[in-house]
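J.: Taken in sequence, the protein lines are chains W and R.
Heads up: the first sequence runs through residues 2 to 315, numbered per the working numbering.
Heads up: the second sequence runs through residues 27 to 325, numbered per the working numbering.
For every residue, glycine included, the Cβ atom is placed at its ideal position computed from N, Cα and C.
Structure provided below as structure tokens; questions to follow.
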Amino acid sequence: MELLDVRRSRLMAALLGFFLLAAIISVVVASIDFGVKADAYKAYTDALAASGSKNPIAAPQLFPLQLMRAAIEYLEILGALFAIILGYAAIAKEKQRGTLSLLFTRPIGPFTLGMGKLGALAIVWLAFVAVVVSATMLTAIIAGHAQLTSEDIGRLLLTILGAWLYLLVWTAVSMAIASWSRQLTTALIISIVLWLLVVLVIPQIGDTMDPDNQVPGGLFKSLQIAKPDEVAVLANFSGYNSARDALEISSVTKHFERYAFAFLGIKDQYNQQPIGVVWAGVFINTLALWLFAVGTIGISLLTSKPKTLLRTSK
Amino acid sequence: MSKMSTFVRQELLALSRERLPLSLFIVFVSMISVSSLIGWLTKTTVSDVWIRTREAGLTSAANPFANVSPLYYARNSIIYIILIGTLMAIVAGVASALRDRKAGTVDLILSRPTSRAEYIFGKLVGISIWLALSLTIVGIIGATVITAIYGAPLPFPDYLRLAAFFLLALPLLVGFAAVGLLGGLLSRRETGALLAPISFWAFVTFVIPQIGTAARPIALLNPVPVPPTPGGPFDALNLFMGPMAVSEQFKAASGLILQDPDIAGNLSLALLSIFAFVLVAALLVSTVKRTSIRGVLSE
């Protein structure tokens, strides 16, 4: 029933369309950006060759999965918001139509409604993420003349899994809040404020607190300090860095970002590394994603029991 | 005019009772207060990092924050206006439109001898006054926190610059409130009424600047506007898309007003872009038909 509702929903179609458009544009822009850099490099090497000098800089290399960076960031920000709105709407429509009392006259278990709605939305999100990832990769292949390896396919599948879990977390959160709250407006307030804080504000504070982000081009680059020295200097500020890290890891968004950026090779240290190495490197983030998912789904199921829903829908 | 002032008064009263815009206002005030403290903490840490590297003989470069203005601490407020302020304005606009439609009072109001324009602009003016009051409170708190961090009253021109910065935020927020009002008046579903203006906000804040600059969405949450990628089609794209990226134009104008040394740009173009945005949004909302305003709302 929930799947039928979503399939008929023009809102869902508009949402998917808007997101696909934004994600495809981001890959096209990233492909063009790479092309511009490659052309600039060629012009530079040609000029050096003409003057008889040797080229000390390596040519820019295209890693197709890295073209997905902006699409992943869109999933972090907009995907979470859309997941909240769909999760909220799944409960809100039943409360507003007054269909809950009728539903619970049927011989259904205490968790059937919650499981049904979450299960349907889980299928929707799996299809959504698969379509977005496939479309962006297809764009990268066409616009960026990129080629995928079999290992790349494995990385993409793991990214789809992570993105699916992340969207499921936000859907479960908003469903739980909408089920628990007596007033739907209050539910929407709490969900949107939570999205604002967890998705935008906390990561933004974390980025702002990074000393290297304080000067355009990077603080350490402007001070002409090599990476090993940078690490040694920052070791003196472990308290500050720990506080910054603690703030960042309190946000599920950061866990998803670290997970996806590692598997897609966007984070340099994981680029072209075997999947096993990446898996070990982001095990904590993977575990955190699963824990957030299991925790929020559990809470969502508990709050969607007939006792709570009927109490709050009066 | 008296009918419009009635709508304005009603809007102000309703917004003071509405919980969603009020909750976002509380988040907005909190973040503006905290942002200056974060700026101070980061600046202190960066200066300490510089002292360590200098002592270790790793650099001979000057301290990048040696002569930084106290207005530097207001830098993060630019981002919170774009992130939280604009969303608060959208929500205020949506809430204003949905309030009458949900209660069914819109039919009654429009049956009176009043024009559609008086009704819509009455609401928009009411929201604008509420936003101006919100920005005044936020501005006073921001200036107080910066003064406390600085440890002395700022030079008077700096207060004027801060006032100009918060004043500039008003047309930006009014523009987004008009977009919210438009979404609320046109949509047939409550969730759609909120989702459409927020999607527009996301498009303006993330997608349009990306087309012109090749910047990543998260990088756009930095208070410093992203310069266009030189070469290729980006110069031409940025020429066309740049003025439409109203949040990036707001960043540029704010940075120039606050004398941020990292920001270069054209203040006149930025101001023109912001005022054109508010004008177009207000014109669009004024074209909403009576039948749309009275349309049935469902979930």
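1) Give me the subset of the stretch 69 to 84 of chain R whose CB atoms are less than 8 angstroms from a CB atom of chain W, sorted by chain position.
2) Report yes if the C-beta distance between residue 217 of chain R and residue 193 of chain W is below 8 angstroms; otherwise report no.
3) In this structure, does DSSP put residue 91 of chain R in helix, strand or coil?
4) When Cβ atoms are compared, which residues of the stretch 227 to 255 of chain W fall closer than 7 angstroms to chain R?
5) Looking at the unbroken alpha helix (DSSP H) that takes in residue 229 of chain R, where does it start and where does it end?
6) Hey, residue 285 of chain R and residue 27 of chain W are a contact pair by Cβ (cut 8 angstroms); roughly how many whole angstroms apart?
7) Near residue 118 of chain W, what residues of its chain come up, given a Cβ to Cβ distance below 8 angstroms and the 5 sequence neighbours on each side ignored?
8) Cβ of residue 17 of chain W less than 8 angstroms from any chain R Cβ?
9) Taking only beta-carbon atoms, is residue 141 of chain R less than 8 angstroms away from chain W?
10) Below 8 angstroms CB to CB, which residues in the same chain sit around residue 120 of chain R once its five sequence neighbours on both sides are set aside?
11) Run through the stretch 106 to 174 of chain W for me and flag every whole alpha helix (DSSP H) of 4 or more residues, listed as ranges in chain order.
12) Using alpha carbons as the reference points, say which of W:199, W:68, W:121 lies closest to residue 7 of chain W.
13) Below 8 angstroms on the Cβ atoms is my guess for residue 171 of chain R versus residue 59 of chain R; work out the distance and round it to an integer in Å.
14) Taking residue 260 of chain R as the query, report the chain W residues whose CB atoms sit under 9 angstroms from its CB, ordered along the chain.
15) Pick out whichever of R:77, R:139, R:311, R:140 has its Cα sitting closest to the Cα of residue 204 of chain R.
16) Using the Cα positions of residue 183 of chain R and residue 142 of chain R, report the straight-line distance between them to the nearest angstrom.
17) Would you grab the beta carbon distance between residue 234 of chain R and residue 271 of chain R for me? Rounded to a whole angstrom, and I think it's under 8 angstroms.
18) Would you check if there are 3 or more beta carbon pairs closer than 8 angstroms linking the stretch 220 to 234 of chain W to the stretch 73 to 82 of chain R?
19) Three or more C-beta pairs under 8 angstroms: does that hold for the stretch 253 to 266 of chain W against the stretch 95 to 112 of chain R?
20) With a cut-off of 8 angstroms, does the C-beta of residue 30 of chain R fall near any C-beta of chain W?
21) From what residue to what residue does the alpha helix (DSSP H) around residue 81 of chain R run?
22) So, with DSSP's three-state summary, where would you put residue 155 of chain R?
23) Whole angstroms are fine: how far does the CA of residue 31 of chain W sit from the CA of residue 148 of chain R?
24) Name, please, each residue of chain W whose Cβ falls closer than 8 angstroms to the Cβ of residue 236 of chain R.
25) Can you give me, in chain order, the residues of the stretch 200 to 218 of chain R that have a beta carbon less than 9 angstroms from any beta carbon in chain W?
26) Who are the neighbours of residue 225 of chain R on chain W, taking C-beta pairs under 7 angstroms?
27) Report the three-state DSSP secondary structure of residue 266 of chain W (helix, strand or coil).
28) What's the C-alpha gap between residue 126 of chain W and residue 144 of chain W?
29) By a C-beta neighbour count over all protein chains shown, 10 Å radius and 16 as the cutoff for buried, is residue 20 of chain W buried or exposed?
30) What do you get for residue 45 of chain W, buried or exposed, if any count of 16 or more other CB atoms within 10 angstroms of its CB means buried?
31) The alpha helix (DSSP H) spanning residue 95 of chain W covers which residue range?
32) Go ahead and pull the three-state DSSP assignment for residue 248 of chain R.
33) Taking residue 244 of chain R as the query, report the chain W residues whose CB atoms sit under 7 angstroms from its CB, ordered along the chain.
34) Grab the span of the alpha helix (DSSP H) containing residue 300 of chain W for me, first residue to last.
T.: Taking the geometry as given:
1) 69, 71, 72, 74, 75, 76, 78, 79, 82, 84
2) no
3) coil
4) 230, 234, 237, 238, 241
5) Element bounds for residue 229 of chain R: n/a, residue is neither H nor E.
6) That pair is no contact at about 33 angstroms.
7) 3, 91, 92, 176, 305
8) No, its Cβ sits nowhere closer than 8 angstroms to a Cβ of chain R.
9) False, the Cβ-Cβ gap to chain W never drops below 8 angstroms.
10) 206, 207, 209, 210, 219, 220, 223.
11) 113 to 144
12) W:121
13) So it is a contact: roughly 5 angstroms between Cβ atoms.
14) Those within 9 angstroms of residue 260 of chain R in chain W are 30, 33, 34, 37.
15) R:311
16) It is roughly 43 angstroms from the alpha-carbon of residue 183 of chain R to the alpha-carbon of residue 142 of chain R.
17) 5 angstroms
18) yes
19) no
20) Not an interface residue.
21) The continuous alpha helix (DSSP H) containing residue 81 of chain R extends over residues 45 to 81.
22) The answer is helix: DSSP assigns residue 155 of chain R an H, G or I state.
23) 44 angstroms
24) 26, 27, 30, 71
25) 215, 216, 217, 218
26) 19
27) coil
28) Cα atoms of residue 126 of chain W and residue 144 of chain W: separation of roughly 26 angstroms, rounded to the nearest angstrom.
29) It is buried - the Cβ of residue 20 of chain W has at least 16 other Cβ atoms within 10 Å.
30) exposed
31) 81 to 98
32) coil
33) 74
34) Counted as a single uninterrupted DSSP element, the alpha helix (DSSP H) harbouring residue 300 of chain W occupies residues 284 to 304.
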